[in-house]
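One line per chain: the protein sequences are A and B, in this order. Just so we're aligned, residue 746 is where the first sequence starts under my numbering, counting upward by one. Just so we're aligned, residue 34 is where the second sequence starts under my numbering, counting upward by one. All C-beta atoms, glycine included, are put in the ideal place defined by N, C-alpha and C. What follows is a single structure, written as C-alpha cells, with notes after it.
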Amino acid sequence: ILNVEQSPQSLHVQEGDSTNFTCSFPSSNFYALHWYRWETAKSPEALFVMTLNGDEKKKGRISATLNTKEGYSYLYIKGSQPEDSATYLCAPGAYSGAGSYQLTFGKGTKLSVIP
Amino acid sequence: DTGVSQDPRHKITKRGQNVTFRCDPISEHNRLYWYRQTLGQGPEFLTYFQNEAQLEKSRLLSDRFSAERPKGSFSTLEIQRTEQGDSAMYLCASSLGSPSDYGYTFGSGTRLTVV
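What follows is the structure, encoded as C-alpha cells:
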C-alpha cells in the first residue's frame, strides 16, 4: 500500500497568480504517476501521466514534473484563472499481483482562484 | 459517446436498505474499475473487471458489496444492508487496454448518503 501525501491541503490565490502543489510518494513500486483535476459536480479529468525520472509535461498553463528517485512530483499553474478552481489529485499507479492497474490517490489539493 | 455515465448522481437511503448503482463505460473500453471516496480522503480502489470477468476485489469490499458486469458492457455495484459508513462518492472508470499509459476515464460518480 502506497502512502501518498499532497500539500497544501487547500489553497486560495488571486487571479493571475502562479502556484504549485506537491505530491510525495514512496519512490519504489510504482509504474506511472497520474495527475487529475476534479471540479465540483464533474468527473475527474486526467491531466498528466508521467513515468520517467525528470519527466516534464505541459498542458496550456499547467505543467508537472516528476522525480522518481526521491518520490515527488510538482504541479505548476501559471497565471491562475477562476476556471482552474478544482481539487487536484495525484496518484501513483501500480500493477497488482492479479494484474489490475490500481491508482493510489492522495487526498488532493483544493485550489480556489479568487477573481 | 459522451464518456463514462453513472446513475443515479445522488442517492439517499435509510440504513439497512439495499442500493444499486449503474455504470456505463465508454463503449470500446474493456477494463472497468470502481473506486470509493469518503469524506476527506482520496478515491480508493474497490474492484476491477476485464470484460465480464471480475479479476480483483479490494479488502474494502465487504460481503455486503457485490459488483457485476454482465456481457462486458455496463456494470452494477450493489450494497446490501447499507450502513452509515457506506456514505461516500462511488466512482466508476474505464480504460481501453492498459491504463498505465493514459490513465482511466472517470464518470461523475454516485454520491450515496445513508441516513
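Subject >> Interfacial residues, the segment 81–111 of chain B to chain A, with Cβ spacing under 7 Å >> reply: Taking 7 Å as the Cβ-Cβ cut-off against chain A, the residues of the segment 81–111 of chain B that qualify are Tyr81, Leu88, Glu89.
**OP:** Tell me whether glycine 105 of chain B sits in a helix, a strand or coil according to DSSP, three-state version.
**Re:** Under the three-state reduction of DSSP output, glycine 105 of chain B falls in the helix class.
**OP:** Would you mind telling me which residues of chain A sit closer than 8 Å to aspartate 134 of chain B, beta carbon to beta carbon, in chain order?
**Re:** Ala777, Val794
Subject >> Inter-residue Cα distance where the pair is proline 132 of chain B and asparagine 798 of chain A >> reply: 19 Å
Original post:
Taking 8 Å as the CB-CB limit, is leucine 834 of chain A close to chain B?
Top reply: yes
Original post:
Taking one C-beta from the segment 825–834 of chain A and one from the segment 43–53 of chain B each time, how about it: are there three or more such pairs within less than 8 Å?
Top reply: no
**OP:** Taking the CB atoms as reference points, tell me whether leucine 145 of chain B and valine 37 of chain B lie closer together than 8 Å.
**Re:** no
**OP:** Could you pull the start and end residues of the beta strand (DSSP E) that serine 128 of chain B belongs to?
**Re:** 121–128
Original post:
Grouping DSSP H, G and I as helix and E and B as strand, with all else coil, what is proline 827 of chain A?
Top reply: helix
Original post:
Which word fits alanine 786 of chain A, buried or exposed, when buried means at least 16 other C-beta atoms lie within 10 angstroms of its C-beta?
Top reply: Exposed: under 16 other Cβ atoms inside 10 Å.
Original post:
In the DSSP assignment, what residue or residues form a beta bridge with aspartate 57 of chain B?
Top reply: Per DSSP, B:Ser38.
Subject >> Cβ-based neighbour list, aspartate 800 of chain A, same chain, cut-off 6 Å, excluding 5 preceding and 5 following >> reply: Leu811
**OP:** Using alpha carbons as the reference points, say which of A:Lys802, A:Glu784, A:Tyr817, A:Glu750 lies closest to leucine 856 of chain A.
**Re:** A:Glu784
**OP:** Kindly indicate if chain B contains any beta-carbon less than 8 Å away from that of lysine 852 of chain A.
**Re:** yes
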